[in-house]
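K.L.:
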Amino acid sequence: FESKIGNIFFRSLGAFPVNRKNVDLMSLKNALKVLNDGKIFGLFPEGKREVSDSLDEFEKGTAFFAIRSGAPVIPIYIHPDSQRRLRPVIMVGKAIDVSEIAANAQKSTLIDVVTDELADAVAALGTEMEEIYCN
853 FESKIGNIFF RSLGAFPVNR KNVDLMSLKN ALKVLNDGKI FGLFPEGKRE VSDSLDEFEK
913 GTAFFAIRSG APVIPIYIHP DSQRRLRPVI MVGKAIDVSE IAANAQKSTL IDVVTDELAD
973 AVAALGTEME EIYCN
């Protein structure tokens, strides 16, 4: 983490830094351990924390961890306007069971299918939130 205070704060929450520019085997192992221990592990599926009015293309990391660990994926949409406030407005979707997707997808395309399923779920939450938030 970049700052000393940020390092202390995020580590107290169980977070650990990730080198996104290179393959970081220690981070991969840490993440899988968290999931295999039945704990919650949060990821930004777009690969970054960025305030934007539209969703960027999802990276495959979330799907990778879900497939490897068997953990469900819970899609969460954070309203972009609310991210600039102290209390962000979020919408939480239904858990995605990767084993159900795996039963109907070819192994060679599974990571792409799971990534697309997650992207569709988050986009649907965004549409639903816009209907609520803007009315």
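With the sequence shown counted from 1, adding 852 to any position gets you my numbering. For glycine and all other residues, C-beta sits at the position ideal for the given N, C-alpha and C.
(1) Using the Cβ count rule (16 or more neighbours within 10 Å means buried), how would you classify E969?
(2) Please report the residue range of the alpha helix (DSSP H) in which I919 lies.
(3) How is the beta strand (DSSP E) around V944 delimited, first residue to last?
(4) Return the CA-CA distance between E909 and L977, expressed in angstroms with no decimal places.
(5) Kindly indicate which three-state DSSP category I857 falls into: helix, strand or coil?
(6) Roughly how many angstroms lie between the CA atoms of V966 and V870, to the nearest whole one?
(7) Below 8 Å, how does it come out for the segment 939-949 and the segment 887-894: are there three or more Cβ pairs, yes or no?
(8) Select from A883, A973, V875 and T914 the residue whose C-alpha is nearest the C-alpha of P897.
P.N.:
Here's the rundown:
(1) Taking all protein chains in view, the Cβ of E969 is crowded by 16 or more other Cβ atoms within 10 Å, so the residue is classified as buried.
(2) Element bounds for I919: G913 to S921.
(3) Residues I942 to V944.
(4) The straight-line gap from Cα to Cα measures roughly 16 Å.
(5) In the structure shown, I857 sits in a helix (DSSP, three-state: H, G or I).
(6) Take the alpha-carbon of V966 and the one of V870: they are about 22 Å apart.
(7) Judged by Cβ distances under 8 Å, the segment 939-949 makes no contact with the segment 887-894, as fewer than three pairs qualify.
(8) Ranking the options by Cα distance to P897, first place goes to T914.
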